[in-house]
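*Asks:* Going by my numbering, 1061 is the number at position 246 of the sequence shown; the sequence numbering is gapless. Below is a structure I'd like to ask you about.
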Amino acid sequence: MKPPLPPPSIDSLIGKATANGDERLRAILTAGIRPTVDGKYRHWDTLRQLTPPAGLTREEWWLGIKLARGNIWHELPLADRDGHNFGYCMPDPAYEMTHLVDRQASGEIAISEVVTSPEMRNRYLVSSLIEEAIASSQLEGASTSRAVAKEMLRSGRPPRDRSERMIVNNYRAMNTVRSWKDEPLTPDRVLQLHRIVTDGTLENPDAAGRLQHPDEDRVRVFDRATGELRHTPPPAEQLPERLDAMCAFANHQPTEGFLHPVLRSILLHLWLAYDHPFEDGNGRTARAIFYWSMLKHGYWLTEFLSISTILNRAPGQYGRAFLYTETDGLDTTYFVLNQLKVICRAIDELHAYLARKARQVRETEKLLRQADLNHRQIALLSHALRHPDAEYTFRSHQTSHGVVYQSARTDLLDLERRGLLERRTVGQRFVFRPVSDLADRLAGR
């Protein structure tokens, strides 16, 4: 990835604009320039390629944009290695996307009938956790295929290599942050989370669950394609104090003005990624902390989202947003907007997926009514489509439908013969459960 061109300094631009009096500066200030251009929060690297408004140079246009952004600038407690504070703006796109997340990811939102039953919710939750564990590991270089990874996590078999170990660790980390959602974030918990995501994957096992030491070579971030240096984190001597500050921020340390909870969660992600306090596993730890923060703030739908799946499709945009922040006066708005887009896209894809599954259930139930099955079998399979972990016995089926034992027995054994139910022995009785791909089998797929 080609690094973005740093913008000219504001002081130098003001100097040029006032070199021959205040006329040029006055023209800039009265030109109606907004923080965004056509709804986009532009960096100098892209703005310099656009045509400026009539009567202004590109540099004057940029100065006008920076002055407009300064009017909505909020300083953050996060500082760079030299003590300069990061900050953020709230342009219109940020308000629009945070409103969407508020409306669709928290509170008593309407959600597809597919996940209204506890069994279906749990099944989709596990699938989402597995998807995030795989995608987050792939962002960090894991090469295991999705099919193999899902088989490993669902069967519980031990990982066979480092890539599989990374995925298992991420799955454990996601479950851990779910259990912490009502607890504060502490330095010890951050270290514990890092220990979980890196267990058995580091060349130096002693580096798991601890900050880098001052006497160690400090980790740096390089472009994977070109090998060029992209980020130099703060020195190790600063890390304990910075970790304390990050946890205070996570636990609602007051900021300059109201800070939206979703922005706080995104900025936590950025904070740990900027500090890069660990030898390895910084990205996985940062994304897990983001999930913790979203859940803590009541965005329960986050459990069903795989943010890393979206990031995996365009990793360059993720990295570029970080570089835009570093090169433009520590303005985190670039990173915030990038992550808000990712969250909104993940929400849209989840709703589309659930709508497809709900439609599949309805279509399958329609097919059931046309199938060579009696009304009792149709009722059982309709129930099984919505309750995939349900169990049925001869006695329960007999009681539900008021038939003789032999009729109940014939019904269930026939469904097993058709490959729609699985049978196992529990004690001295048979217990039947729906096959895992029941909907596909009924639809003939």
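Beta carbons are placed, not taken as given, at the ideal position from N, Cα and C, and that holds for glycine.
Please tell me whether Glu812 and Met967 are closer than 9 angstroms, where the distance is taken between their beta carbons.
*Replies:* Residue 812 cannot be examined here, being either before or after the span of the chain that is shown, 816 to 1260.
*Asks:* For Arg1184, count neighbouring C-beta atoms within 10 Å of its own C-beta (all shown protein chains included) and say buried if the count is 16 or more, exposed if not.
*Replies:* Looking at its Cβ environment, which holds fewer than 16 other Cβ atoms inside 10 Å, Arg1184 is exposed.
*Asks:* When burial is assigned at 16 or more other CB atoms within 10 Å of the CB, is Glu1056 buried or exposed?
*Replies:* That one is exposed.
*Asks:* If you pair each beta-carbon of the stretch 1230–1249 with each one of the stretch 1198–1207, do three or more pairs fall below 8 angstroms?
*Replies:* Touching, yes.
*Asks:* Do Leu1182 and Val1157 come within 9 angstroms of each other at the CB atom, strictly closer than that value?
*Replies:* No. Outside cutoff.
*Asks:* Kindly give me the distance between the Cβ atoms of Tyr856 and Leu1152, rounded to whole angstroms, as I take these residues to be in contact under 8 angstroms.
*Replies:* The pair is a contact, with the Cβ atoms about 6 angstroms apart (cut-off 8 angstroms).
*Asks:* At the level of alpha carbons, what is the spacing between Asp1014 and Ala988?
*Replies:* If I take the Cα positions, the gap works out to 11 angstroms.
*Asks:* Hey, out of Glu874, Pro906, Leu1110 and Gln1154, whose CA is closest to Gly854's CA?
*Replies:* For Gly854, the nearest C-alpha among the options comes from Pro906.
*Asks:* Any chance the stretch 881–888 sits against the stretch 843–852, with 3 or more Cβ pairs inside 8 angstroms?
*Replies:* Because the criterion of three Cβ pairs below 8 angstroms is met, the stretch 881–888 and the stretch 843–852 touch.
*Asks:* Would Ala950 pass as a contact of Ser1121 if the rule is Cβ separation under 9 angstroms?
*Replies:* For Ala950 and Ser1121, yes; Cβs fall inside 9 angstroms.
*Asks:* How many angstroms separate the CA atom of Val992 from the CA atom of Ser1215?
*Replies:* In a straight line, the C-alpha of Val992 is about 41 angstroms away from that of Ser1215.
*Asks:* When the distance is taken between beta carbons, is Trp876 closer than 9 angstroms to Pro822?
*Replies:* No, the Cβ-Cβ distance between Pro822 and Trp876 is not below 9 angstroms.
*Asks:* State the DSSP-derived secondary structure class of Trp995, mapped to helix, strand or coil.
*Replies:* Trp995: coil per DSSP, three-state reduction.
*Asks:* Between Ser1211 and Arg1191, is the Cβ-Cβ spacing less than 9 angstroms?
*Replies:* No, these two residues do not count as a Cβ contact at 9 angstroms.
*Asks:* Could you pull the start and end residues of the alpha helix (DSSP H) that Trp876 belongs to?
*Replies:* Counting along the chain, the alpha helix (DSSP H) containing Trp876 begins and ends at Arg873 to Gly885.
*Asks:* Tyr903 lies in the beta strand (DSSP E); which residues open and close that run?
*Replies:* Segment Asn900 to Cys904, the beta strand (DSSP E) holding Tyr903.
*Asks:* Nearest to Asp1080 by CA position, among Thr913, Leu1227 and Asp1252, is which residue?
*Replies:* One point to set straight first is that residue 1080 is Ser, not Asp, in the sequence displayed. It is Thr913.
*Asks:* Ignore the nearest five residues each way along the sequence and tell me which others in Pro1092's own chain have a CB closer than 7 angstroms to its CB.
*Replies:* Cβ within range, chain order: Leu1026, Gln1027, Leu1054 and Leu1058.
*Asks:* Can you check which of these residues, Pro1048, Ala1088 and Glu1180, is closest to Leu1200 by C-alpha distance?
*Replies:* Selected option, being the one with the closest Cα: Glu1180.
*Asks:* Please determine, among Gln1007, Gly1134 and Trp859, the residue with the shortest C-alpha to C-alpha distance to Ala1040.
*Replies:* For the residues Gln1007, Gly1134 and Trp859, the minimum Cα distance to Ala1040 belongs to Gly1134.
*Asks:* Would you decide whether Phe901 is buried or exposed? Buried here means 16 or more other CB atoms lie within 10 Å of its CB.
*Replies:* The residue in question, Phe901, is buried, as its Cβ has 16 or more Cβ neighbours within 10 Å.
*Asks:* Sort out for me which residues DSSP pairs Glu1237 with in a bridge.
*Replies:* Paired residue(s): Arg1248.
*Asks:* So Leu1087 and Thr1100 are in contact, right, with Cβ under 8 angstroms, and what is the actual spacing, rounded?
*Replies:* Indeed, because the Cβ distance is near 6 angstroms, the residues count as touching under 8 angstroms.
*Asks:* Can you tell me whether Pro1002 is helix, strand or coil according to DSSP?
*Replies:* It is helical.
*Asks:* How about Leu1017 and Glu1094: do their beta carbons lie closer than 9 angstroms?
*Replies:* Going by C-beta atoms, Leu1017 is nearer than 9 angstroms to Glu1094.
*Asks:* Residues in the same chain with beta-carbon distance under 7 angstroms from Asp1038, minus the five sequence neighbours each way, listed in chain order, please.
*Replies:* Contacts found: Met816 and Arg1045.
*Asks:* Closest by CA to Arg1160, which one among Gly836, Val916 and Lys1111?
*Replies:* The option with the nearest alpha carbon to Arg1160 is Val916.
*Asks:* Nearest to Arg1010 by alpha carbon, out of Leu865, Ala1023 and Glu874?
*Replies:* Out of Leu865, Ala1023 and Glu874, Ala1023 has the C-alpha closest to the C-alpha of Arg1010.
*Asks:* Sorted by chain position, which residues of the same chain lie with C-beta nearer than 6 angstroms to Gln1213's C-beta, five sequence neighbours on each side aside?
*Replies:* Here the set comprises Tyr1220 and Ala1223.
*Asks:* Quick one: complete alpha helix (DSSP H) runs, 4+ long, within the stretch 951–986?
*Replies:* You should have 961–970.
*Asks:* Does the beta-carbon of Glu947 have 16 or more other beta-carbons within 10 angstroms, so that it is buried, or is it exposed?
*Replies:* The residue in question, Glu947, is buried, as its Cβ has 16 or more Cβ neighbours within 10 Å.
*Asks:* Using 10 angstroms around the beta-carbon of Ser970, count the other beta-carbons present and answer buried if the total reaches 16, otherwise exposed.
*Replies:* Exposed, by the Cβ-count rule.
*Asks:* Among Leu1228, Ala1194 and Ile1193, whose alpha-carbon lies nearest the alpha-carbon of Thr1208?
*Replies:* Ranking the options by Cα distance to Thr1208, first place goes to Leu1228.
*Asks:* In the DSSP assignment, what residue or residues form a beta bridge with Pro1037?
*Replies:* The sequence as given places Phe at residue 1037; Pro does not occur at that position. In the DSSP output, where bridge partners are listed per residue, Phe1037 has Leu1044.
*Asks:* In terms of alpha-carbon separation, which member of Gln1068, Thr1147, Arg1244 and Glu1164 lies closest to Asp895?
*Replies:* The candidate whose alpha carbon is nearest that of Asp895 is Thr1147.
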